[in-house]
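Under the working numbering, the first residue of the sequence shown carries the number 1, and numbering increases by one thereafter.
Note that beta-carbon positions come from the ideal geometry of N, C-alpha and C, so glycine has one too.
Remember, predicted model here, so these are calculated numbers, not experimental data.
For reference, the structure discussed in these notes is given below.
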Amino acid sequence: YRDVLQGRGNDRPLADARLDLPTLQTWHDALGAWKVQGVTNARAFDGVFDFSQTVFEALRQVAAVGRAAFSLFDGKYSVVRDRKSSDLTVVQHFSPRNSWDYRGERAFVELPHALKVRFINPDTQWQQDEQIVYDDGFTVATATKFEVLELLGITDKNHAWQEGRFHLAVLRLRPEIHELNVDVENLVCTRGDLVRVTHDVPQWGLGWARVTAV
1 YRDVLQGRGN DRPLADARLD LPTLQTWHDA LGAWKVQGVT NARAFDGVFD
51 FSQTVFEALR QVAAVGRAAF SLFDGKYSVV RDRKSSDLTV VQHFSPRNSW
101 DYRGERAFVE LPHALKVRFI NPDTQWQQDE QIVYDDGFTV ATATKFEVLE
151 LLGITDKNHA WQEGRFHLAV LRLRPEIHEL NVDVENLVCT RGDLVRVTHD
201 VPQWGLGWAR VTAV
C-alpha cells in the first residue's frame with residue numbers, strides 16, 4: 001500500500017509527511033500476525049499491476065486483501081480497517097435529538113451454496129486456478145448454486161479459501177444499510193469509528209434525552 005504511494009511505479013511519489021504511518025504500521029503488524037484456527041497465516045498482496053489504472057484504484061485493491069479500505073485521516077493517506085466492534089470504543093451516540101431523516105435498507109439476496117474462487121496459483125505455473133468454497137451445510141454432493149469470485153493479489157490456496165468464507169459470511173450477516181443525517185458542526189466520529197444509535201424507527205433503545213444543565 002505504501003509502495004503504491006511512494007514507490008518507483010508512482011510518477012509523483014509522496015513524502016512521509018503525507019502518510020498516516022502509525023496506522024499503516026498497526027495494519028501491517030496485524031496482518032503479519034493474522035491467525036486462522038490458531039495458526040499464524042500472514043496476509044499480503046501478491047500481484048503485478050501490468051495495466052493502466054489510477055493510484056486510488058491500486059490502493060483500493062491492495063487494501064481489500066488486508067480487509068481494509070482507502071481513507072484520508074487529517075489530510076494524510078491512511079486506511080480504515082475491518083475490526084471487531086469489541087476491539088473498539090464508542091466515539092459518538094446518535095438519536096433523533098441530534099440527527100434526522102433516518103433510512104434503512106435490507107438486501108434480500110439468494111445465497112449461493114458455494115463460491116468458485118479464482119486466483120493465480122504459483123503451483124500451476126502462475127496460471128489461474130479455482131478453489132471451491134462451500135457454505136455451511138453444503139458439500140460437493142449437495143451444492144447446486146454457484147457464484148464466481150475473482151481475486152486479485154492472492155496467490156495462496158488457503159488465503160483464497162479464507163476470502164471465500166469471508167464473503168459468504170458477509171452475504172448472510174451484513175444485509176443491512178442504515179443512514180441518517182447529522183449536523184456537520186457536531187460530527188465527531190470519522191469513517192471506521194464505532195458509534196451507538198438509539199432510534200424509534202428500527203426500535204433501538206427505549207428512549208433518548210438531552211442535557212439541560214451541568
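Three-way DSSP call (helix, strand, coil) for residue 129 in this model | Of the three classes helix, strand and coil, the one that applies to residue 129 here is strand, per DSSP.
Could you give the uninterrupted runs of the beta strand (DSSP E) lying entirely in the region 96 to 143, keeping only those of 3 residues or more?
-> Restricting attention to beta strand (DSSP E) runs no shorter than 3 residues, the region 96 to 143 encloses them at 100 to 106, 114 to 121 and 127 to 134, ordered along the chain.
Classify residue 34 as helix, strand or coil using the three-state DSSP reduction.
-> Here residue 34 carries a coil assignment [DSSP, helix/strand/coil].
If you scan the region 33 to 89 from start to end, which runs of the alpha helix (DSSP H) of 4 or more residues do you find wholly inside it?
-> Assignment of alpha helix (DSSP H) within the region 33 to 89, counting only whole runs of 4 or more residues, yields 55 to 65 in chain order.
Nearest candidate by alpha-carbon position, reference residue 96, set 55, 213 and 204 = Minimum Cα-Cα distance from residue 96 among the listed residues 55, 213 and 204 corresponds to 204.
Top-ranked residue by Cα proximity to residue 48, from 33, 3, 72 and 79 = Of the candidates 33, 3, 72 and 79, the residue whose Cα lies closest to the Cα of residue 48 is 3.
Among residues of its own chain, excluding the 5 on either side of residue 145, which ones have a beta-carbon nearer than 6 Å to its beta-carbon?
-> The residues are 112 and 113.
In chain order, what residues of the same chain lie with their CB nearer than 6 Å to the CB of residue 155, ignoring the 5 residues before and after it?
-> Within the same chain, Cβ atoms closer than 6 Å to the Cβ of residue 155 are found at 46, 120 and 122, the five residues on either side in sequence being excluded.
By how many angstroms is the C-alpha of residue 147 removed from the C-alpha of residue 134?
-> Near 11 Å, if we compare the C-alpha coordinates of residue 147 and residue 134.
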